Amino acid sequence: MAQEPTVGPGWLGEHEKFILPTLEPISAYFSIPRLGNKPQDPIVQTIQLPVQSGALHNSLPAEPPSSPALSRAKVSSSVFAQVSKPEFTSLWNDASFHHLRDVDRSMSWSPNAPSSNRTSPFLTEQNPSLLGSLQNRAKPSVHVKFTKVARITESELFGSLHLVVLGTSSPLYVWDVHSQSFVRATSSDASEFNWMSQSILKRFLDLGTLVRRLEQLIQELRKRPGNTNTTVHAFAHGLSSVLIFIRNRLSNGPLSRATGLSGIHCLATVWLYYTELEQVVISLASMCSRNTDITPDRFSEIPISPVDLLSLVYETLEMHVERHSPRDITAIIAYILTVSSKPYIHSLCKLLAYGETRQVHTITTERTQLMDLTFEGDEVESTWRGEEGNVDAEGPFPKFIPTSLASILPAAHKSLKLLEGAEPEHPIFSTEVPSKEISWIWNEESIKNLWNELGACRSAMAQESNSPQFPLDDSQTEQSSEDRDPLAEFRVFDLEPESFSSSERGCQVVLDELIVSFPKMLPNITPSPSLLCELTFMPLQDHASCLSRALLAVFLDRSSFLCIDAHLELLRSHMLLTSHSFKSRLSAALFSDAEDRESHSVQLCNLLRYKSKYTTLPGQSHTGRWPVGLAPLLVTRDSWPPGGSELSFLLRAVIVDSQQNDPLSAEDTTSRVDGAHLVMNEAEFRLGFAIRELSGRGNERWLDPLSIEALDFLYLDYKVPHPLQALIPTAVLSKYQRIFALLLRLTRVECAIRSVFRLTRTTAAPLFPTLSSSRRVLLHFRFAAHSFLSTLATYIYDTAIGGNFGALLLRITSCRETPDAPNSFRDVFALAECHSSVLDDILSACLLRSPQRAGGDLLRGTLEVVLEFCVLVGDLKDGRMEEYQASPVQDALHASFRKKVSALMRTLEAMLEKHGKNPDQLQAACSEGESRVPPGGVDSLRHLLTCLNQNDWWMRP
Numbered sequence: 001m002a003q004e005p006t007v008g009p010g011w012l013g014e015h016e017k018f019i020l021p022t023l024e025p026i027s028a029y030f031s032i033p034r035l036g037n038k039p040q041d042p043i044v045q046t047i048q049l050p051v052q053s054g055a056l057h058n059s060l061p062a063e064p065p066s067s068p069a070l071s072r073a074k075v076s077s078s079v080f081a082q083v084s085k086p087e088f089t090s091l092w093n094d095a096s097f098h099h100l101r102d103v104d105r106s107m108s109w110s111p112n113a114p115s116s117n118r119t120s121p122f123l124t125e126q127n128p129s130l131l132g133s134l135q136n137r138a139k140p141s142v143h144v145k146f147t148k149v150a151r152i153t154e155s156e157l158f159g160s161l162h163l164v165v166l167g168t169s170s171p172l173y174v175w176d177v178h179s180q181s182f183v184r185a186t187s188s189d190a191s192e193f194n195w196m197s198q199s200i201l202k203r204f205l206d207l208g209t210l211v212r213r214l215e216q217l218i219q220e221l222r223k224r225p226g227n228t229n230t231t232v233h234a235f236a237h238g239l240s241s242v243l244i245f246i247r248n249r250l251s252n253g254p255l256s257r258a259t260g261l262s263g264i265h266c267l268a269t270v271w272l273y274y275t276e277l278e279q280v281v282i283s284l285a286s287m288c289s290r291n292t293d294i295t296p297d298r299f300s301e302i303p304i305s306p307v308d309l310l311s312l313v314y315e316t317l318e319m320h321v322e323r324h325s326p327r328d329i330t331a332i333i334a335y336i337l338t339v340s341s342k343p344y345i346h347s348l349c350k351l352l353a354y355g356e357t358r359q360v361h362t363i364t365t366e367r368t369q370l371m372d373l374t375f376e377g378d379e380v381e382s383t384w385r386g387e388e389g390n391v392d393a394e395g396p397f398p399k400f401i402p403t404s405l406a407s408i409l410p411a412a413h414k415s416l417k418l419l420e421g422a423e424p425e426h427p428i429f430s431t432e433v434p435s436k437e438i439s440w441i442w443n444e445e446s447i448k449n450l451w452n453e454l455g456a457c458r459s460a461m462a463q464e465s466n467s468p469q470f471p472l473d474d475s476q477t478e479q480s481s482e483d484r485d486p487l488a489e490f491r492v493f494d495l496e497p498e499s500f501s502s503s504e505r506g507c508q509v510v511l512d513e514l515i516v517s518f519p520k521m522l523p524n525i526t527p528s529p530s531l532l533c534e535l536t537f538m539p540l541q542d543h544a545s546c547l548s549r550a551l552l553a554v555f556l557d558r559s560s561f562l563c564i565d566a567h568l569e570l571l572r573s574h575m576l577l578t579s580h581s582f583k584s585r586l587s588a589a590l591f592s593d594a595e596d597r598e599s600h601s602v603q604l605c606n607l608l609r610y611k612s613k614y615t616t617l618p619g620q621s622h623t624g625r626w627p628v629g630l631a632p633l634l635v636t637r638d639s640w641p642p643g644g645s646e647l648s649f650l651l652r653a654v655i656v657d658s659q660q661n662d663p664l665s666a667e668d669t670t671s672r673v674d675g676a677h678l679v680m681n682e683a684e685f686r687l688g689f690a691i692r693e694l695s696g697r698g699n700e701r702w703l704d705p706l707s708i709e710a711l712d713f714l715y716l717d718y719k720v721p722h723p724l725q726a727l728i729p730t731a732v733l734s735k736y737q738r739i740f741a742l743l744l745r746l747t748r749v750e751c752a753i754r755s756v757f758r759l760t761r762t763t764a765a766p767l768f769p770t771l772s773s774s775r776r777v778l779l780h781f782r783f784a785a786h787s788f789l790s791t792l793a794t795y796i797y798d799t800a801i802g803g804n805f806g807a808l809l810l811r812i813t814s815c816r817e818t819p820d821a822p823n824s825f826r827d828v829f830a831l832a833e834c835h836s837s838v839l840d841d842i843l844s845a846c847l848l849r850s851p852q853r854a855g856g857d858l859l860r861g862t863l864e865v866v867l868e869f870c871v872l873v874g875d876l877k878d879g880r881m882e883e884y885q886a887s888p889v890q891d892a893l894h895a896s897f898r899k900k901v902s903a904l905m906r907t908l909e910a911m912l913e914k915h916g917k918n919p920d921q922l923q924a925a926c927s928e929g930e931s932r933v934p935p936g937g938v939d940s941l942r943h944l945l946t947c948l949n950q951n952d953w954w955m956r957p
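Per full-length UniProt numbering, the very first residue in the sequence shown carries number 1; after that it's consecutive.
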């Protein structure tokens, strides 16, 4: 079939009009076919290729033909010719022979797919890619209104792109301050160049934008006000070094030497060369939140805190290692982490006196002067929140600090401070111990060397003594100090100009060597960054453990004044009343078990060698009731609480006389110096009674000498030496004082019940001469109360105090003999925690904890009922009450006593059922091989319940 040629559009001349073909009439381009009465298969109906005739093989081309509109061939009228289609065509053939006006239509297997609207026949109304292609092929160019077209050569384009990738403005693109990106230098709105720049020039523009943004970030970090620190400056320095390295790579790229080449191959080569550099810059910009898709108003600030900043860099490195990013990216992030963390690691080492000589103030060389100075400075409170440079000893720490090191850092820093005050002449301060510098290592050889060195060092330490020792040779120390020239560090200023810089490796050399030697993946010894961090900081962790062990060894030294168990034994003997010498003298000073109110205590004269000047003449009447159990000296003035210089002198005499008559202090200490003797000699200066400031309205129970709380105003204080305040803080002393207050109440009631025994031991003058039933109740009540008090006192001294405190002292002794035992203490703070826990168990065993308020109130009420019974007997003895008046009061007190004891038994059973351990578990714990198992807190109440529950005696009349 002959084809009729059509006249296509063309140019007739510069001043002639543009000729267009005759427009075809607009008609409908769709139809709805009638569906047949059978199943429809649009795909099969569309392709319908005759497989049997072999037309499928001939009609399908090997590849889709290029579109005529985008072909590089000249535009001719043959493109628009009417071409008849074959009878059977494929999808690609149909698209190739389709009419020009339908080129932009989408081809689909389904006939129901939506089709685009018909395009305009005018070229200026075509899409930008088609219009740009036609205008690029047309010569001369079409000068459209408001459109400026600038033609450049290949060398000019490459020169402009070379400046752009370096972050500098060029003739084609300039830096926009507001958007912080490169834009075209002209104000042209022509769209024919957009599609080319987005696909080809976008890489160069993004690369230059990111380099310029990173450069401005460095300038912002360096110009920040005075709240920056060395870590931020180090990060800026590391980022600047990396940026210089990248710019050197960009300067030596193909853009600087591609001016002599031509063709599309040169541009493609340049475009591919900057792929790796673009990935590096994008990773840095992502870390700093300076990506191209983020506008300047959405930039995130770089963290100022060293912990947050270093954690950000480490997390970025860990992310690239896990994603197996290119080696250059991982190496550059590792270099930034190395440079940025160097000040922090230096401060961390300085915090623990690692790797350098530690200079501390010299207190004294004599142990006695150390004790005196420590006593004078005890009022100064110690602060544990130490900070060296950018490091806070209490944390938080960056993510690359291992958990094992972060857990012992606070204790190690406190141990260092305590060691300075406890033993300033310790070898760790007087000699420079050779230490491995803490720095990041990345190549496999260095990692293996460090692994072998740590293994050999730990093996050598295991062969030595278990106690922490620091090798110190006096002759070598003196020789090394004499050979060390103090002016050696300043010899660098005597060198000629540029001679020092030539010997130092620049930052670029270090970065180049790191990139070359950086492994593609971490070695098998440390396959992850976390394991590499543990290996890197292992020397510092060993040093921190050594500091803790060194301080623990000082506090466990028997010959030292700071021997911890010597101080604990002193506290137990005085504040827990386990010393017979001290308890007997304190009982003689504060309590009395005499049968007569006017009689003086024999113990007061015998034990304290003291006779009060305030005496009561025989037959002199008293204005108040007899506070049975209290010493006559305390109630001579008929005012409560007592005071004056006489009481102060008497209590002071109790402490001094008990120390002079102590068997340990009485031994001859001239032959040897022991820590226990030193502590006992200082005890009379460190122990002292004080009056507690109890605020009230004037009707409180402690203002009544007849009350069980009459002596709560008095407490015993202990002046703890400064280095030992970490083990015996004020909170722990308050626990001792709470137990001391309970023991004073119990001792007062015991003295009162002994007075009742003396008052009722004679049958010639009974207190109830006519009421025999009341006399039997008196005797039964006296026996039951005495049995209860004896059982309670035995339980408190033997089980609650002796069992728990004795196990603590035995564990300390075991730790001194075998430091590597499983139950030994890792540092002094673990010892302090155990000490506080033991006191908590004693408080729980004595029903003095807050959750045990119900049981504690019942125990205090029982003691108060017994004391009221003793006061009642004293009133009968003084004649203040008649027997018929005292009989119902006695019956009420007896019934109340039985009721409270019964309620106390039920409460103890409920506590043991809820919080106590199974007896089988306790038996299993005792059979584990430990030499002594403490009875514990609530579990020890089982002993009290067993001793008190004797055939339910409180329920029988």
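The beta-carbon is built from N, C-alpha and C at its ideal position, and this holds for glycine as well.
Please read these numbers as outputs of a predicted model, since none were measured by experiment.
query	result
Using DSSP's beta-bridge definition, name the partner residues of D717.	G688
Of the choices S545, C349, S341, V554, whose alpha-carbon is the least far from that of residue 958?	Since the first residue shown for the chain is 1 and the last is 957, residue 958 is missing from the structure and cannot be characterised.
For R738, I'd like the list of residues in its chain whose CB is within less than 6 Å of its CB, leaving aside the five on either flank, ordered along the chain.	L848
What residues in its chain sit with their C-beta under 8 Å from that of P402, if we drop five residues either side in the sequence?	S530, C533, E534, F537, Q541
If you count every other CB in all the chains shown that lies within 10 Å of the CB of S84, and 16 or more means buried, which is it?	Residue confidence for S84 is low, a pLDDT of 44 falling below 50, so the modelled location carries little weight and cannot support an answer.
Hey, out of G879, V889, E883, whose CA is closest to V866's CA?	V889
With a threshold of 7 Å between beta carbons, is E444 in contact with chain D?	Structure shown: chain D not included; a single protein chain is present.
Near L352, which residues of its chain fall below 8 Å by C-beta distance, leaving aside the five closest residues on each side in sequence?	L409, A412, H413, L416, L540, H543, A544, L547
Compare the Cα-Cα distances from E437 to each of H346, P519, F493 and report the closest residue.	H346
Measuring CB atoms only, is the stretch 821 to 830 touching the stretch 709 to 721, in the sense that at least three cross pairs come out at less than 8 Å?	no
Hey, would you say L590 sits closer than 7 Å to A550, going by beta carbons?	no
Count the C-beta pairs between the stretch 637 to 656 and the stretch 684 to 692 that are closer than 8 Å, then say yes if the count reaches three, no if not.	yes
Counting Cβ pairs closer than 8 Å, one from the stretch 198 to 213 and one from the stretch 167 to 186, do we hit at least three?	yes
What is the DSSP secondary structure of V270, reduced to helix, strand or coil?	helix
Taking S545 as part of the alpha helix (DSSP H), name the residues at either end of that continuous run.	538 to 555
Could you spell out the range, first to last residue, of the alpha helix (DSSP H) harbouring D857?	853 to 878
Put R572 into one of helix, strand or coil per three-state DSSP.	helix
Specify the secondary structure class of F740 as computed by DSSP and reduced to three states.	helix
E913: which of R898, D596, D939 sits nearest, CA to CA?	D939
Could you check where the alpha helix (DSSP H) with V174 kicks off and where it finishes?	No alpha helix (DSSP H) holds V174; the beta strand (DSSP E) holding it covers 173 to 176.
Which same chain residues end up closer than 7 Å to E868 when comparing Cβ atoms and leaving out the 5 residues on each side of it in sequence?	L893
With H, G and I counted as helix, E and B as strand and the rest as coil, what does DSSP make of V510?	helix
So S887 packs on S774, CB below 8 Å; how close in whole Å?	4 Å
Assuming V164 is part of the beta strand (DSSP E), what are its boundary residues?	From DSSP, V164 is part of no beta strand (DSSP E) but of the alpha helix (DSSP H) over 154 to 165.
Identify, in the order they occur along the chain, each residue of the same chain with its Cβ nearer than 8 Å to the Cβ of L839, setting aside the five sequence neighbours on each side.	V732, K735, Y736, I739
Decide if the stretch 796 to 816 is in contact with the stretch 391 to 398; the criterion is three or more beta carbon pairs, one per stretch, under 8 Å apart.	no
Based on Cα-Cα distance, which residue from I708, R572, V777 lies nearest to L746?	I708
Given a cut-off of 7 Å, decide if A741 and L562 are closer than it, judged by their beta-carbon atoms.	no
Give me whichever residues DSSP pairs with F182 in a beta bridge.	W175
Using 6 Å as the cut-off, classify the Cβ of L317 as near or not near the heavy atoms of the ligand GTP, replying yes or no.	As presented, the structure is devoid of all ligands, the ligand GTP included, so that no description of it is given.
With contact counted as at least three CB pairs below 8 Å, one residue from each stretch, are the stretch 221 to 241 and the stretch 175 to 187 in contact?	no
In whole angstroms, what separates the C-alpha of D308 from that of R572?	48 Å
Roughly how many angstroms lie between the CA atoms of V656 and H722, to the nearest whole one?	23 Å
Out of H324, S340, E215, which has the shortest C-alpha to C-alpha gap to T285?	In the sequence as displayed, the identity of residue 285 is Ala instead of Thr. Out of H324, S340, E215, E215 has the C-alpha closest to the C-alpha of A285.
Exposed or buried, what is E301 when buried is set at 16 or more other beta-carbons lying within 10 Å of its beta-carbon?	exposed
I'd like to know if the stretch 867 to 881 and the stretch 830 to 839 are in contact, where contact means that at least 3 CB-CB pairs between them fall below 8 Å.	no
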